[in-house]
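Below: the structure, in structure tokens.
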Amino acid sequence: MEGILRHLLILAVVVFVSVSFAQPELLTDSLSTSQGDFALISGGRIVFVNTQGTLSSVSINDPLNISDFPVDWTPAGNGWESPGEIRLLKSGPDGSLLLIAFKVLMPDSLPAAGVPMPDPIVILVCNSEGSNVRVIGVTYDSDEPLCFDFTRDSRLVYGARFLNCLPDPESYFSLYLGDESSLLRPFDVVDLEEGARFSSNGIVGSYILCNPWSDLIAAGNDPLTTIADMSAFSVIFEDSSLTSSVVEQWVEPDAGLAWRDSTQIVRFSDGTVYENHGDPVDVLCRLSDGSFVFSADGGETVNRGRINWSTFALEDSSQLSELAGYLTLGHRVIAQNNTPAIVFSVGRGLYYYQLP
5 MEGILRHLLI
15 LAVVVFVSVS
25 FAQPELLTDS
35 LSTSQGDFAL
45 ISGGRIVFVN
55 TQGTLSSVSI
65 NDPLNISDFP
75 VDWTPAGNGW
85 ESPGEIRLLK
95 SGPDGSLLLI
105 AFKVLMPDSL
115 PAAGVPMPDP
125 IVILVCNSEG
135 SNVRVIGVTY
145 DSDEPLCFDF
155 TRDSRLVYGA
165 RFLNCLPDPE
175 SYFSLYLGDE
185 SSLLRPFDVV
195 DLEEGARFSS
205 NGIVGSYILC
215 NPWSDLIAAG
225 NDPLTTIADM
235 SAFSVIFEDS
245 SLTSSVVEQW
255 VEPDAGLAWR
265 DSTQIVRFSD
275 GTVYENHGDP
285 VDVLCRLSDG
295 SFVFSADGGE
305 TVNRGRINWS
315 TFALEDSSQL
325 SELAGYLTLG
335 HRVIAQNNTP
345 AIVFSVGRGL
355 YYYQLP
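When you line the sequence shown up against this note's numbering, it's residues 5 to 360, in that order.
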């Protein structure tokens, strides 16, 4: 009996130690620090922009085994010049589709000298293997972030700054020459099944903030003053008197964090607002079970728990001490679908962490 108890005690200690000291797992140390986008796709894989500015992939189940991620599209093969820099990488809701924005250059064959124009950015969609490529539009390079996303059924892609021309060098050149003969009707939505381009009738403004868990967006100019539903192309809430954005970070399918007179608030899509009368809460990630990875002390500690948004009370909160030294505010964090796990970047490192 004494031997059994001793064995159980040793087993308990071993189990406790293994859980307590579980660390984030390095998937790759070749993430681009200038364009460090990454996206989770089907099969437990992650596509990322590497230090050469091209695409690679790695499996969560096979860390550090890096593969090239070829896309069946090249700038040169479609009339553009390289470099083909990747400016946006985003996966569809179920991981079966990828949206990629390539910065390209005008070909030497077009007499673009003396014509002021920004560099083009080609927007395309492909499947999670890099094939079945559909070039859906073109936009222009600027200091503003690119804003494009899928609807939750993966049928539509919407975004700010689609140019109303075909996504080829000649049409882009004609647009900036002022030649209207080849212009398309203005559009900000593309139907991937039908190939149709159409307008949201002004719902998508100059800027949008996409909601990762629903078809809601915050839209407008500066600041964002509208909450709209992109599945129904309808405005749900609008307040043109706002001096700060209606939503600055989505935290629920129907709610987001914002600021009002130096007070942190949560605003629901119907306009309901609750104030945070305590320390600001920094949400790093929302998990599929509705809990959050967050910090309530400016990033000194990272926790997991639920947040009652009507009071900002932290419920069932536990500290994730294993993330100390890894995860701080400002890092990009993505939750793995239907799994208590996160993927995040730190410098050139891309990490996977299974939450306790």
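Don't be surprised by glycine CBs; every beta carbon is placed ideally from N, CA and C.
field: Same chain, Cβ closer than 6 angstroms to Pro124, five either side skipped, listed in chain order
entry: Within the sequence shown, numbered from 1, the residue matching residue 124 stands at position 120. Val108, Val142 and Tyr176.
message: Distance check for Glu85 and Pro344, CA to CA, integer angstroms please.
response: In the sequence shown, the residue the question calls residue 344 occupies position 340. In the sequence shown, the residue the question calls residue 85 occupies position 81. Cα to Cα, Pro344 sits roughly 43 angstroms from Glu85.
CA-to-CA distance, Gln27 to Val239, given in whole angstroms: Locating residue 239 in the sequence shown gives position 235, where the first residue counts as 1. Locating residue 27 in the sequence shown gives position 23, where the first residue counts as 1. Cα to Cα, the separation comes out at about 44 angstroms.
Coil, strand or helix - Glu326 by DSSP: Here residue 326 corresponds to residue number 322 of the sequence shown, with the count starting at 1. Glu326 falls in the helix class under three-state DSSP.
message: In whole angstroms, give me the CA-to-CA distance for Leu327 and Val306.
response: Residue numbering aside, residue 327 sits at position 323 when the sequence shown is read from its first letter. Residue numbering aside, residue 306 sits at position 302 when the sequence shown is read from its first letter. Whole-angstrom Cα-Cα distance: 7 angstroms.
query: Does DSSP classify Asn82 as helix, strand or coil?
result: In the sequence shown, counting from the first residue as 1, residue 82 sits at position 78. Three-state DSSP puts Asn82 in a helix.
query: Where does Leu35 sit, in a helix, a strand or coil, going by DSSP?
result: In the sequence shown, residue 35 corresponds to position 31, counting from 1. Correct three-state label for Leu35: strand.
query: If you check the beta carbons only, do Ile64 and Val347 fall under 9 angstroms apart?
result: For the purposes of this step, residue 64 is taken as the residue at position 60 of the sequence shown. For the purposes of this step, residue 347 is taken as the residue at position 343 of the sequence shown. In this structure, Val347 lies closer than 9 angstroms to Ile64 by Cβ.
task: Please check the pair Val297 and Phe316, which I expect to be a contact at CB under 8 angstroms, by giving their CB distance rounded to whole angstroms.
output: The count along the sequence shown starts at 1 and reaches residue 297 at position 293. The count along the sequence shown starts at 1 and reaches residue 316 at position 312. Not really, about 16 angstroms apart at Cβ, beyond 8 angstroms.
query: What do you reckon, are the CB atoms on Pro97 and Ser158 nearer than 9 angstroms?
result: If you number the sequence shown from 1, residue 97 lands on position 93. If you number the sequence shown from 1, residue 158 lands on position 154. Cβ distance < 9 angstroms, so Pro97 and Ser158 count as in contact.
field: Alpha-carbon to alpha-carbon, Asn69 and Gly224
entry: Position 220 of the sequence shown, counting from 1, holds the residue named residue 224. Position 65 of the sequence shown, counting from 1, holds the residue named residue 69. Each residue's alpha carbon lies about 43 angstroms from the other.
- prompt: Glu184: which of Ile45, Cys169, Asp192 and Leu102 sits nearest, CA to CA?
  reply: By 1-based counting over the sequence shown, the position of residue 184 is 180. Residue Cys169 is the option with its Cα nearest to Glu184.
- prompt: What did DSSP end up calling Ser178 once you bin it into helix, strand or coil?
  reply: Sequence index remark: in the sequence shown, residue 178 carries index 174 (1-based). Note: Ser178 maps to helix in three-state DSSP.
message: Under DSSP, the beta strand (DSSP E) around Gln56 begins and ends at which residues?
response: Taking the first residue of the sequence shown as position 1, residue 56 is located at position 52. That residue, Gln56, is in no beta strand (DSSP E); it is neither H nor E in DSSP.
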